[in-house]
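What follows is a short report on a single structure.
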Amino acid sequence: MRNALDVSSQLILKSECSKPRRVPISTVITSDQKHVCIAIDDQIFLYDIRSGQRISVINQTDTVIALSSSSDNQLLVYLMNGLLIEYAIPSQAVVQYKQLNIQQKLLKIYQSPTTSNQIYAIIGDCYDTDEYFKNLNIIRIHTSADSTSIENVIKDESKFNISPKLTNLERLALSDKLCVGCVDNRVLVYAYESGKSVKYEYNSSKEELNKGLVNDFVSIKLYQKPEEEASKLIGVLHFGRILLWNIEMANKGSVRIVLMQSVHWHRGAPSVCLTSEQSLLSAGIEGVLVKYSSAVSNKSSLCSF
Numbered sequence: 001m002r003n004a005l006d007v008s009s010q011l012i013l014k015s016e017c018s019k020p021r022r023v024p025i026s027t028v029i030t031s032d033q034k035h036v037c038i039a040i041d042d043q044i045f046l047y048d049i050r051s052g053q054r055i056s057v058i059n060q061t062d063t064v065i066a067l068s069s070s071s072d073n074q075l076l077v078y079l080m081n082g083l084l085i086e087y088a089i090p091s092q093a094v095v096q097y098k099q100l101n102i103q104q105k106l107l108k109i110y111q112s113p114t115t116s117n118q119i120y121a122i123i124g125d126c127y128d129t130d131e132y133f134k135n136l137n138i139i140r141i142h143t144s145a146d147s148t149s150i151e152n153v154i155k156d157e158s159k160f161n162i163s164p165k166l167t168n169l170e171r172l173a174l175s176d177k178l179c180v181g182c183v184d185n186r187v188l189v190y191a192y193e194s195g196k197s198v199k200y201e202y203n204s205s206k207e208e209l210n211k212g213l214v215n216d217f218v219s220i221k222l223y224q225k226p227e228e229e230a231s232k233l234i235g236v237l238h239f240g241r242i243l244l245w246n247i248e249m250a251n252k253g254s255v256r257i258v259l260m261q262s263v264h265w266h267r268g269a270p271s272v273c274l275t276s277e278q279s280l281l282s283a284g285i286e287g288v289l290v291k292y293s294s295a296v297s298n299k300s301s302l303c304s305f
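Just so we're aligned, residue 1 is where the sequence shown starts under UniProt numbering, counting upward by one.
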């Protein structure tokens, strides 16, 4: 799994990220570990992991929000218009289409690895003229062979107020327990069951202020293992600093966000993910792919590109 993740990350960097305004939305490795699928805008790029060769491009009718790979080596594609498409890989034959019947735009999804028929989603309204999203809501979608039902999971709407003008979906993340959003230098964590929330605010150091560095968060990613209570959260600041937190559910449903690591070796906001062994993998604009093990505080450069 580690080799597949490293290879797929390099494929993204060398093949797609170099193109202007072509930012990967979602990346998945198929269950047989033979293919990697990368979603960019309304296209899906299919690669062979071993050779690094592109197999094909699968065009979609709307923006791809997320990709997921099922245990039987099929690719699930979620579109912003609420359409779910299932492909067989590598043949790319369509197995089924399913309309999720949501009333707003589909912005983010989380599908639990242990429950295939339950999806958590962030939905909202999209204002193309101003390029921002508002009226955000969190729903739980139950799917079956012949029906779909939707349930609202927000307990207290007054506490779920991420931003009046959310312009970047990379500033949203969710799991089956939490939703996280960031605006400017603040991060908001919202727990579904209790309806409680907590904020984290990044305060620039004197050196960062003197350099005029922009301390806004540009992206966040949330990781939840079924066997673990605590979630891992990665936040990336505009000037390149990476923050890693533990999010813990405390007594009576309250939420604690604990900063575990704060590292800075890229000149600008890097693309970041957390590997299966809990190491940070980050690719910076200066052309370096870095792997950092938070457990032993060990940093290594994997390659230059």
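Note that CB positions come from ideal geometry on N, CA and C, so glycine has one too.
Computed from a predicted structure; not experimentally measured.
CA nearest to the CA of residue i, picked from the options
{"i": "residue 125", "options": "142, 106, 110 and 111", "result": "106"}
{"i": "residue 275", "options": "269, 292 and 286", "result": "292"}
{"i": "residue 91", "options": "46, 271, 146 and 174", "result": "46"}
{"i": "residue 268", "options": "239, 234 and 217", "result": "239"}
{"i": "residue 146", "options": "117, 289 and 171", "result": "117"}
{"i": "residue 186", "options": "231, 36, 148 and 243", "result": "243"}
{"i": "residue 266", "options": "170, 284 and 256", "result": "284"}
{"i": "residue 234", "options": "96, 79, 181 and 168", "result": "181"}
{"i": "residue 97", "options": "108, 278, 81 and 157", "result": "81"}
{"i": "residue 278", "options": "157, 230 and 51", "result": "230"}
{"i": "residue 44", "options": "223, 256 and 68", "result": "68"}
{"i": "residue 225", "options": "219, 248 and 205", "result": "248"}
{"i": "residue 55", "options": "108, 257, 189 and 34", "result": "34"}
{"i": "residue 57", "options": "223, 72, 50 and 40", "result": "40"}
{"i": "residue 89", "options": "25, 179 and 32", "result": "32"}
Alpha carbon of residue i to alpha carbon of residue j, nearest angstrom
{"i": "residue 176", "j": "residue 241", "result": "27 Å"}
{"i": "residue 210", "j": "residue 259", "result": "24 Å"}
{"i": "residue 144", "j": "residue 112", "result": "15 Å"}
{"i": "residue 195", "j": "residue 155", "result": "5 Å"}
{"i": "residue 21", "j": "residue 251", "result": "Low local confidence applies: a pLDDT of 45 at residue 21 is under 50, so the model's placement there is unreliable, and no value is given."}
{"i": "residue 66", "j": "residue 38", "result": "10 Å"}
{"i": "residue 253", "j": "residue 193", "result": "7 Å"}
{"i": "residue 212", "j": "residue 237", "result": "13 Å"}
{"i": "residue 28", "j": "residue 123", "result": "22 Å"}
{"i": "residue 30", "j": "residue 133", "result": "31 Å"}
{"i": "residue 120", "j": "residue 286", "result": "36 Å"}
{"i": "residue 280", "j": "residue 70", "result": "25 Å"}
{"i": "residue 184", "j": "residue 217", "result": "6 Å"}
{"i": "residue 159", "j": "residue 171", "result": "17 Å"}
{"i": "residue 63", "j": "residue 79", "result": "6 Å"}
{"i": "residue 167", "j": "residue 110", "result": "20 Å"}
{"i": "residue 208", "j": "residue 272", "result": "21 Å"}
{"i": "residue 282", "j": "residue 219", "result": "13 Å"}
{"i": "residue 189", "j": "residue 108", "result": "15 Å"}
{"i": "residue 95", "j": "residue 263", "result": "44 Å"}
Test item: CB-CB of residue i and residue j under 8 Å
{"i": "residue 76", "j": "residue 84", "result": "yes"}
{"i": "residue 221", "j": "residue 173", "result": "yes"}
{"i": "residue 232", "j": "residue 246", "result": "yes"}
{"i": "residue 59", "j": "residue 42", "result": "yes"}
{"i": "residue 197", "j": "residue 255", "result": "yes"}
{"i": "residue 257", "j": "residue 202", "result": "no"}
8 Å Cβ cutoff, residue i in contact with chain C
{"i": "residue 123", "result": "As a matter of chain content, chain C is missing from the structure shown, which is built from one protein chain."}
| On the three-pair Cβ rule with 8 Å, is the stretch 130-148 touching the stretch 87-103? | Yes: the two stretches touch, three or more of their Cβ pairs being nearer than 8 Å.
| task | Report the residue ranges of all alpha helix (DSSP H) runs contained in full by the stretch 186-255; include only those spanning at least 4 residues, in chain order. | result | Those alpha helix (DSSP H) runs which fall completely within the stretch 186-255 and span 4+ residues are 206-210.
| query | Can you give, in chain order, each stretch of the beta strand (DSSP E) that sits fully within the stretch 54-94 and has at least 3 residues? | reply | The beta strand (DSSP E) runs lying completely inside the stretch 54-94 and spanning 3 residues or more are 54-59, 64-69, 74-79 and 83-88, given in chain order.
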